[in-house]
Structure formats: structure tokens, C-alpha cells
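Okay, structure first, notes after.
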Amino acid sequence: MVAGAVTRQVGNLPADLTSFVGRRRELAEIRRLLSASRLVTLTGVGGVGKTRLALRAAAEQRRAFDSVWLVDLSTVTDPALVAETVAATMGVRDEAADCPVDALEQVLSSQRTLLVLDNCEHLRDACAVLADRLLRAAPELRILATSRQSLGITGEHQMKISPLPVPEPDRPLNRRSLELYDGISLLTERAAAVLPGFTVTEDNQAAVAELCRQLDGIPLAIELAAVRLRALSVNALVERLRDRYRLLTGGSSAAVPRQQTLHALVDWSFQLLPAAERTLWTRLSIFPSHFDLDAVEAVCTGDGIERDDVLDLLDALLDKSLLLREEHGGAVRYRMLDTLREFGRKRLSGPAERRSLQRRHRDHYFLLARQADAEWFGPDQFSWLRRLNLEQANLRAAMDFCLQEPCEAETGLRMALCLTDPCWLANAYYNEGRHWLDRMLWATPEPTVLRALALCADAELVLTQGDTDRGRRLLAESRALAERLGDPEALAQTSLVAGMAEHYAGDYAKANPLLERAVAEEEAVGNLSGLLIALITLAAGVGYLGDRARATELFERALALTEAHGECSGRAWVLAIFAISLWQGGENARALAMAREALLLARDLGDRMNIAMNLEIIAWVQADEGRHAPAARLLAASEEIGRSVGMAPCRDRRFAEFHERCLTDLRTSLGDRALSRETRRGDRLTMNEAIEEAIGDRAERGRAGETVAEAEPAPPERPPAAEPSPLTRREQEIAELIAQGRSNKEIASALVISQRTVEGHVERILDKLGFASRAQIAAWMAARGAGGRS
5 MVAGAVTRQV GNLPADLTSF VGRRRELAEI RRLLSASRLV TLTGVGGVGK TRLALRAAAE
65 QRRAFDSVWL VDLSTVTDPA LVAETVAATM GVRDEAADCP VDALEQVLSS QRTLLVLDNC
125 EHLRDACAVL ADRLLRAAPE LRILATSRQS LGITGEHQMK ISPLPVPEPD RPLNRRSLEL
185 YDGISLLTER AAAVLPGFTV TEDNQAAVAE LCRQLDGIPL AIELAAVRLR ALSVNALVER
245 LRDRYRLLTG GSSAAVPRQQ TLHALVDWSF QLLPAAERTL WTRLSIFPSH FDLDAVEAVC
305 TGDGIERDDV LDLLDALLDK SLLLREEHGG AVRYRMLDTL REFGRKRLSG PAERRSLQRR
365 HRDHYFLLAR QADAEWFGPD QFSWLRRLNL EQANLRAAMD FCLQEPCEAE TGLRMALCLT
425 DPCWLANAYY NEGRHWLDRM LWATPEPTVL RALALCADAE LVLTQGDTDR GRRLLAESRA
485 LAERLGDPEA LAQTSLVAGM AEHYAGDYAK ANPLLERAVA EEEAVGNLSG LLIALITLAA
545 GVGYLGDRAR ATELFERALA LTEAHGECSG RAWVLAIFAI SLWQGGENAR ALAMAREALL
605 LARDLGDRMN IAMNLEIIAW VQADEGRHAP AARLLAASEE IGRSVGMAPC RDRRFAEFHE
665 RCLTDLRTSL GDRALSRETR RGDRLTMNEA IEEAIGDRAE RGRAGETVAE AEPAPPERPP
725 AAEPSPLTRR EQEIAELIAQ GRSNKEIASA LVISQRTVEG HVERILDKLG FASRAQIAAW
785 MAARGAGGRS
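Each number in the working numbering comes from the position in the sequence shown (counting from 1) with 4 added on.
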């Protein structure tokens with residue numbers, strides 16, 4: 005997600021799969037608290053509905069924010085990965101040498117964002133530190149957290165979420181009075197979904213009320229019970245539930261009744277299942293997040309569960325609402341609710357069975373990582389990118405097992421190395437890759453070829469982030485070990501990364517011989533991915549030293565390599581760097597065509613770093629051709645995207661020089677005022693809008709038949725109606741209400757935001773338009789046509 009897009013896109017709130025019942029008072033209170041406090045934490049027992057309530061509240065507040073993001077922390081077990089998970093969810097990549105918090109601060113500081121941090125209880129301290137830092141850096145940020153306890157930081161407002169209201173014992177009942185209780189409404193609605201025609205009648209109303217009372221109004225408990233009404237009457241269900249409770253009276257007296265009740269209900273559901281379904285439930289608990297059918301067949305079969313029976317057993321658990329079915333990019337996956345997963349883990353026979361399942365889980369995902377690595381340089385890159393992103397929680401769990409279990413760290417190091425190219429480099433998850441490689445290297449100090457390769461991979465990630473000193477230290481250790489062991493593959497990799505380090509530093513005379521050697525060595529060992537990177541980097545360095553014929557030969561060789569293997573990710577980078585070389589040589593038309601081709605490939609791959617680079621290259625070409633306004637817009641859009649992925653211009657000195665030269669030329673040609681105006685417009689472009697600007701009809705303004713003056717009219721005193729509005733969507737809404745004569749208080753009420761927030765928006769509107777009064781804003785809106793939007 006680019007920084008500009010974060011400002012305008014809704015975010016990632018999931019659509020409701022079932023209707024939302026009740027909680028009107030809680031929703032109103034959350035809305036009030038969010039207007040007065042910047043951190044609101046919903047607390048309560050497991051299964052009480054904190055997540056669902058937070059999602060509904062966030063959805064209702066959508067219009068009050070530029071973006072709303074849900075960050076599910078339930079699968080994160082390592083506190084060090086909390087910030088990484090937030091950044092990955094928002095699409096804020098972490099190439100900068102510092103931790104991803106820096107990138108998050110930069111993106112969030114300039115926009116009004118609602119961040120929903122879900123399931124914080126097991127990561128309380130890490131969440132508290134992150135929330136405190138982000139709130140201090142981003143004055144327009146609001147955080148809505150869910151946890152079983154508060155985060156405990158200054159300014160936090162805790163809101164206790166109670167179970168749904170249910171009738172009190174011995175209270176006179178009738179159908180109309182029962183409709184006032186949200187617990188009854190939830191049971192009725194969910195029961196009707198599995199048993200069409202189910203309603204509360206005079207015959208069953210007492211049993212319905214008793215059932216909801218026995219379940220203490222806990223939404224999860226009610227939903228699980230409703231499924232059983234397909235096979236049992238309400239009276240029979242109540243009777244069985246009472247029997248089960250009597251069997252569980254020996255539980256912990258320290259547990260609150262609602263927790264005991266939920267446990268009783270889940271245990272009761274568990275005991276009603278056939279043996280094979282119970283066994284599968286407990287084994288599925290080993291998955292930390294969603295999973296697919298292949299994983300279940302690999303991890304959970306044997307000792308009572310045949311592979312041919314897995315699909316039917318999964319279907320049975322889905323039918324009983326013990327599993328959720330989800331679709332991700334057309335692929336069907338399954339997920340177990342956290343409460344049910346925890347229950348299943350407690351029903352495993354003991355530590356030996358758990359370790360056995362964890363090892364099988366690790367083996368499955370290790371094989372997946374090896375397959376991804378082996379097939380990465382080929383035609384399946386798109387599918388592997390999607391697959392590995394979906395499996396991130398499982399991959400983390402597998403590597404964590406390798407660190408926790410004796411004698412498994414070497415396998416973990418091998419797995420981390422397999423994921424470097426297709427996962428961490430391809431997605432710009434640099435901090436994540438360093439996190440795992442560092443931990444695995446610490447756990448496996450033995451001087452092996454595997455360690456030499458991992459040290460080199462770690463050095464590449466570090467150098468890519470611009471941390472030159474640490475990268476060179478890792479590289480030196482890797483090179484010394486590779487030379488000591490005499491391994492050709494490790495020697496080839498260290499030659500490549502050493503050449504890249506000198507190239508980033510701008511010392512092409514030193515870099516190019518290293519890269520020449522890397523080309524020969526990588527080709528000799530058959531490492532096509534390394535060969536391609538060596539060819540691209542060498543071609544750029546040779547071109548920078550003036551040998552354009554040799555550079556072209558190397559670029560064309562790299563393109564032929566990608567064509568021969570159906571590779572796309574590296575091809576996008578060949579085209580981008582080749583475009584820079586062509587632009588330097590004055591071949592603007594070829595450079596523009598090549599950059600646009602690379603841009604489309606990068607868009608399909610989701611490679612935002614490459615997108616940012618190609619937008620910049622196209623801006624350079626347009627500036628050279630006198631199309632200064634569109635060049636300024638694309639340059640600004642590229643910078644926004646670059647910031648969102650933590651792109652460090654200082655990493656490649658020549659690229660930074662080209663950027664500054666273009667910016668200086670635009671300032672000279674346009675003047676400060678016009679450059680500022682076009683920069684603001686570029687800042688507001690979404691990623692897709694910027695791509696359209698770069699390759700679509702709008703990018704052709706100033707083509708043959710138009711003079712530069714026609715393509716770039718002098719700025720009028722006030723923007724004409726045909727021009728895009730310089731205001732954000734929220735500012736446009738406020739400007740419309742100002743034009744209607746509304747006061748700040750009335751605007752705040754209409755948009756469900758605080759009056760202070762409205763005042764801040766009005767100040768920014770006046771500043772952007774260069775006005776001094778609300779009357780001028782109203783007149784400007786009228787001139788644009790009856791308050792219409794652009």
C-alpha cells in the first residue's frame with residue numbers, strides 16, 4: 005500500500021458474513037470515546053464479541069477517517085514482529101535501515117487513520133510500546149484495540165464489553181419482552197439460519213430464555229448452541245447443557261463464571277462429536293492461522309484418520325460451525341476460532357503428541373519453502389507470491405519450532421534461506437528476513453556452507469536497507485567462511501553481494517570487477533537468480549562509466565534470460581534499470597516505452613518499489629521533453645510510494661543524483677508556486693491513479709499538436725471548475741457544508757467527528773486555497789458548480 009493510497013483507501017475491513025445483532029449502546033459509546041480519546045481498548049472475556057464489535061464500530065466510523073485498518077495479531081507469537089505485522093497489513097514496507105516503526109510514523113503522521121489492533125492480550129507490552137510511539141508521532145491517529153486487559157498507557161480509555169443482555173431468572177416473559185434482549189435475538193437469528201422457520205413461540209420461550217441465561221449471553225456460546233437446534237429441541241438442548249455443567253463443577257474456582265460456562269459449552273460440543281471429528285479438531289489446533297486441505301492431509305492424517313476421509317471430516321466440522329471456510333484469491337482455506345483452537349490444544353494427549361504434530365507441521369512448510377525457492381525463477385512467481393503471503397503465520401510457526409526444539413535450528417536456518425528470495429526480498433519484508441536469519445545464525449554457530457550462504461543473504465538484506473557498516477561485517481564473515489570451505493556457490497554469492505555493496509556506494513570502478521566475477525561464478529553454479537542480479541547491476545555500473553554498448557549487451561542478455569525461463573519479477577527490474585541507461589543516452593522514446601512495460605509488470609506483481617522507480621524514470625523523461633506539470637506530479641507520487649515502502653534514495657547514490665537534478669529543473673521551469681501545486685496533486689494520487697497518469701491518456705498531454713504552453717496553462721488566481729480539486733475527500737465534504745452555511749458545530753454533528761477536527765480541516769482548506777475567510781470558500785465552491793465534487 006502506498007502512502008498516498010493509504011490516505012484515500014478504505015483499508016482492509018472485512019465484509020460481514022452474518023448480520024450484526026444489538027450492541028447499539030456500545031457502538032454509541034465507542035463513537036463518543038473515539039471523539040474524545042485517541043486510544044480506546046475494548047476488554048472482556050474470550051468469546052464476548054470484542055472483535056466483532058470493534059469491526060462494526062470501525063465500519064460505522066469509516067467516513068470520519070481517511071483510512072481504516074484491521075491488524076489481526078492473533079497469529080503473532082513473537083513481540084518483535086508486532087510492528088512488522090502492522091506495517092505489512094498496511095502495505096508499509098520496511099526497506100529503511102531502522103525498524104518498521106519509523107516507516108509507520110512517517111505514513112501515519114500526515115493522515116487521519118483508525119487502526120484496529122485486534123487480540124493484543126498475549127503481546128500486551130509490545131502493543132503498548134508501539135501504540136504509545138505511533139500516537140505521539142501521528143496527531144490524527146486513533147487506535148481501537150481489543151484485549152483481555154488494558155494496554156496500560158497514558159491516555160488510554162478502557163471500555164469493558166459485557167455479554168449480551170438476557171432475561172433475569174423468574175422474570176415474567178412474553179414474546180414481545182423477549183425481543184428486547186440482544187442475547188435472545190442472536191440465538192433466534194442464528195437458529196433460523198440452520199433451521200429455517202425457527203421462531204420464539206409460547207411453547208419454547210421459557211426454554212429459549214433459560215438457554216441464553218445458561219450461556220450467560222456470551223455470543224460465541226450462543227452461536228455454537230444455535231447450531232445444535234438442527235438436531236435437538238430447545239428443551240432437549242437445555243437439558244443436555246445442564247447435565248454437562250454438573251460434570252464440570254470441579255474446575256478452577258478462580259475462573260469467572262462466564263469463562264467456566266464457555267468452557268463447558270465447548271467441551272459439551274466436543275464430546276458430542278464422533279471420535280474421528282474430535283481427533284481432527286485437536287490436531288487442527290496445531291495451525292496458528294488459516295490453512296488449506298493439502299496441509300491438513302500432510303499434518304493431521306494417520307493413527308485413526310485416513311487421507312481419503314479428511315475432506316468429509318472437514319465438511320462435518322464446518323457444518324457444526326467449528327471451522328470457518330474462507331476464500332483467498334479463489335483458494336479455499338479453513339480457520340478455527342481462537343477459543344476452539346485453545347480448547348483443542350488442551351485435548352492433545354500430551355507434549356509428545358504436540359511435538360509430533362509440530363514437527364509434521366514444520367516438515368510440510370519446510371517442503372513448501374524449498375519448493376518455492378526451487379521454482380521461484382520461472383513462470384510461477386505470481387502464484388508463489390500469493391501462496392507465501394497467505395502462509396506467513398504458518399511459516400513463522402514452523403521456524404519458531406526450529407528454534408525451540410533441540411537439534412532443529414539447522415533446518416530452521418535452511419528454511420529461512422529458502423524464503424529469502426521469494427518472500428522477504430520479493431515483498432520488501434527486509435526486517436522480517438533479518439529477524440529470522442539473525443536468530444537462526446545465532447542458534448547455529450557451526451562453520452558450515454549453509455552458514456556462509458545465510459550470512460551472505462543477511463548481508464544483502466542489510467545492505468539493501470542502507471546499513472553499510474553492518475552489511476560489510478556480515479559479508480566479510482561470509483566471505484572468509486566461503487573461502488575456508490572452498491564452496492563455489494557461497495563464493496559466487498559473496499562476490500555478487502560485495503559488488504552490490506560497492507555499486508550502492510557509487511564506486512563503480514571497484515564494483516564492476518566484482519560483478520564480472522559474480523556473473524561467471526553464478527553461471528558456473530547454475531544460480532539463475534544470482535546471475536540475473538549480477539547482470540543487471542553490472543550493466544548499470546558499466547553504463548555509469550560510459551560504456552553504453554557494453555551496458556546494452558548486458559541488459560539484453562539479462563532480458564533474454566528472463567524470457568527463456570518465463571520470469572517476471574527480475575524482468576521488471578531489468579526493464580527499469582535499462583530504461584535509466586537509455587534515458588541517459590538520450591533515447592527518451594525507448595526509455596519511456598521500457599519504463600511503462602516495467603511499470604505494468606510491477607503493478608501485476610505488487611512490487612511497489614519497482615512501481616516507485618518507474619514512475620520516477622517516466623517523470624525524468626517527461627521533464628526532459630518539457631512536460632513539466634505531469635513530471636512534477638509523477639515525481640511526487642513516486643516519492644509517496646517510496647516512503648511507504650521505506651525506500652532509501654541514499655542506498656544508490658546515482659539514482660539520488662538524478663532525482664535531485666530533475667527536481668531542480670522542475671523548480672526552474674515551473675516556479676515554486678506551480679511546482680508546489682503539482683506536487684500536492686501528485687501527493688493525492690493513489691497508486692493506480694499514478695500508474696494511469698504514467699501510461700494512460702493523461703500521460704500524453706503535450707504530445708504532437710500541442711505546445712508546452714497549451715499543455716501547462718498558467719495557474720489562475722482561483723482554480724476553474726474543470727481542474728481537479730486540491731482538497732482531500734474529507735476537506736471537499738467540509739467545503740460543501742461551509743458553502744451551505746453550516747457552522748463548525750453543525751458540520752461536526754453531520755460528519756460524526758469532533759468540532760476541533762473540523763476546525764483543523766477548515767484551516768487546511770484555507771491554506772490550500774490561499775483564502776482568508778469562509779465566505780471565499782463558499783464562493784469558490786459555487787464557482788465549481790453547485791457545490792459539486794471533482
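Ideal Cβ positions, reconstructed from N, Cα and C, are used throughout, including at glycine.
Next item on the list: Let me know if GLU88 comes out buried or exposed under the rule of 16 or more other beta-carbons within 10 Å of its beta-carbon.
Entry: Classification of GLU88: buried, given that the 10 Å Cβ count is 16 or more.
Notebook entry, point to check: Taking the beta strand (DSSP E) that ILE738 falls in, what are its first and last residues?
Noted result: Looking at the DSSP string, ILE738 is not in any beta strand (DSSP E); the run it does join, the alpha helix (DSSP H), is 733-743.
Notebook entry, point to check: Under the three-state reduction of DSSP, which class applies to SER237: helix, strand or coil?
Noted result: SER237 sits in coil when the DSSP states are folded into three classes, being neither helix nor strand.
Margin query: Let me confirm a value: LYS164 is counted as buried when at least 16 other C-beta atoms fall within 10 Å, else exposed. Which label applies?
Written below: So LYS164 counts as exposed.
Item checked: Cβ neighbours of ILE226 in the same chain (closer than 6 Å, five flanking residues each side left out) -> The residues are LEU190, LEU191, LEU219.
Next item on the list: Let me know if ALA635 comes out buried or exposed under the rule of 16 or more other beta-carbons within 10 Å of its beta-carbon.
Entry: The residue is buried, with at least 16 neighbouring Cβ atoms inside 10 Å.
Item checked: Environment of GLU464 [buried if 16+ CB atoms lie within 10 Å] -> Counting Cβ neighbours within 10 Å, GLU464 comes out buried, since at least 16 surround it.
Note to self: With H, G and I counted as helix, E and B as strand and the rest as coil, what does DSSP make of GLN153?
What the structure shows: It is coil, neither helix nor strand.
Checklist line | Secondary structure of LYS164, DSSP reduced to three states | finding: In the three-state scheme derived from DSSP, where H, G and I count as helix and E and B as strand, LYS164 is classed as strand.
Notebook entry, point to check: Just how far apart, CA to CA, sit LEU317 and THR283?
Noted result: Using only the alpha carbons, I get a separation of about 10 Å.
Checklist line | VAL625 in three-state terms, based on DSSP | finding: If DSSP states are grouped into helix, strand and coil, VAL625 belongs with the helices.
Note to self: On the DSSP bridge list, what partners appear for ASP129?
What the structure shows: Looking at the DSSP assignment, ASP129 forms no beta bridge with any residue, so it has no partner.
Note to self: Within 8 Å, do at least three Cβ pairs link the region 195-204 to the region 64-84?
What the structure shows: Three or more Cβ pairs closer than 8 Å define a contact, and the region 64-84 falls short of that threshold against the region 195-204.
Notebook entry, point to check: For GLU183, is the classification buried or exposed, using 16 other Cβ atoms within 10 angstroms of its Cβ as the cut-off for buried?
Noted result: It is exposed - the Cβ of GLU183 has fewer than 16 other Cβ atoms within 10 Å.
Notebook entry, point to check: Given a threshold of 16 other Cβ atoms within 10 Å of its Cβ, counted over all protein chains shown, does TRP577 qualify as buried or as exposed?
Noted result: Buried: at least 16 other Cβ atoms inside 10 Å.
Margin query: Give me the residue from LEU500, ALA544, TYR508, PRO292 with the minimum Cα distance to ASN531.
Written below: Distance from the Cα of ASN531 is smallest, within the candidate group LEU500, ALA544, TYR508, PRO292, for LEU500.
Note to self: Taking the straight line between their C-alpha atoms, what separation do you get for ALA335 and ALA213?
What the structure shows: Between ALA335 and ALA213, the C-alpha separation is close to 41 Å.
Next item on the list: Take LEU479 as the anchor and find which of GLU487, LEU459, GLU493 has the nearest alpha-carbon.
Entry: It is LEU459.
Next item on the list: Could you check which residue in ARG746, ALA299, ILE751, ARG631 has the C-alpha nearest to that of ASN592?
Entry: Ranking ARG746, ALA299, ILE751, ARG631 by CA distance to the CA of ASN592 puts ARG631 first.
Next item on the list: Identify, in the order they occur along the chain, each residue of the same chain with its Cβ nearer than 6 Å to the Cβ of LEU519, setting aside the five sequence neighbours on each side.
Entry: Closer than 6 Å at Cβ, skipping near neighbours: GLY503, ALA538, THR541, LEU542.
Check: Tell me, which residues are paired with ALA68 by DSSP?
Finding: Beta-bridge analysis with DSSP links ALA68 to no other residue.
Next item on the list: Starting from the C-beta of ALA739, find all residues in its chain whose C-beta is less than 7 Å away, skip the five residues before and the five after it, and write them out in chain order.
Entry: Result list for ALA739: LEU731, ILE769, ILE781, MET785, in chain order.
Check: Using the C-alpha atoms, what's the distance from ARG681 back to LEU674?
Finding: One C-alpha to the other measures close to 10 Å.
Next item on the list: Go to GLU183, then tell me how far its beta strand (DSSP E) extends in each direction, as first and last residue.
Entry: Segment: none, GLU183 is in no beta strand (DSSP E) and carries neither H nor E.
Notebook entry, point to check: Roughly how many whole angstroms lie between the Cα atoms of GLY570 and ARG594?
Noted result: When the Cα atoms are used, GLY570 and ARG594 turn out to be separated by approximately 23 Å.
Next item on the list: Please determine if the region 63-71 and the region 40-52 are in contact, where contact requires at least 3 C-beta pairs separated by less than 8 Å.
Entry: With a cut-off of 8 Å, the region 40-52 and the region 63-71 do not count as touching, because too few Cβ pairs lie within range.
Next item on the list: Give a yes or no on whether the C-beta atoms belonging to LEU441 and ASP473 are separated by under 8 Å.
Entry: Going by C-beta atoms, LEU441 is not nearer than 8 Å to ASP473.
Next item on the list: Look at the alpha carbon of GLY547 and the alpha carbon of SER642, and state the distance between them as a whole number of angstroms.
Entry: One C-alpha to the other measures close to 24 Å.
Notebook entry, point to check: Can you tell me whether DSSP reads GLN264 as helix, strand or coil?
Noted result: Low confidence applies to GLN264: its pLDDT is 46, below 50, so where it sits in the model is not reliable enough to give any reading.
Note to self: So, with DSSP's three-state summary, where would you put HIS294?
What the structure shows: Note: HIS294 maps to coil in three-state DSSP.
Item checked: VAL529: first and last residue of the uninterrupted alpha helix (DSSP H) it sits in -> Note, VAL529: alpha helix (DSSP H), 512-529.
Next item on the list: Measure how close the beta-carbons of ASP367 and SER533 come, nearest whole angstrom, since I'm counting them as under 8 Å.
Entry: With a contact defined as Cβ atoms closer than 8 Å, ASP367 and SER533 miss out at about 25 Å.
Notebook entry, point to check: Helix, strand or coil: which one does DSSP assign to ARG339?
Noted result: In the structure shown, ARG339 sits in a strand (DSSP, three-state: E or B).
Checklist line | Residue nearest to ALA432 in terms of C-alpha spacing, selected from GLY306, GLY646, LEU457 | finding: Distance from the Cα of ALA432 is smallest, within the candidate group GLY306, GLY646, LEU457, for GLY646.
Notebook entry, point to check: Over what stretch of residues does the beta strand (DSSP E) that includes ASP122 continue unbroken?
Noted result: Taken as a continuous stretch (DSSP letters only), the beta strand (DSSP E) holding ASP122 covers 117-122.
Next item on the list: Confirm, please, whether the CB-CB distance from LEU145 to LEU127 is below 8 Å.
Entry: Their beta carbons are not under 8 Å apart, which means LEU127 does not touch LEU145 by this criterion.
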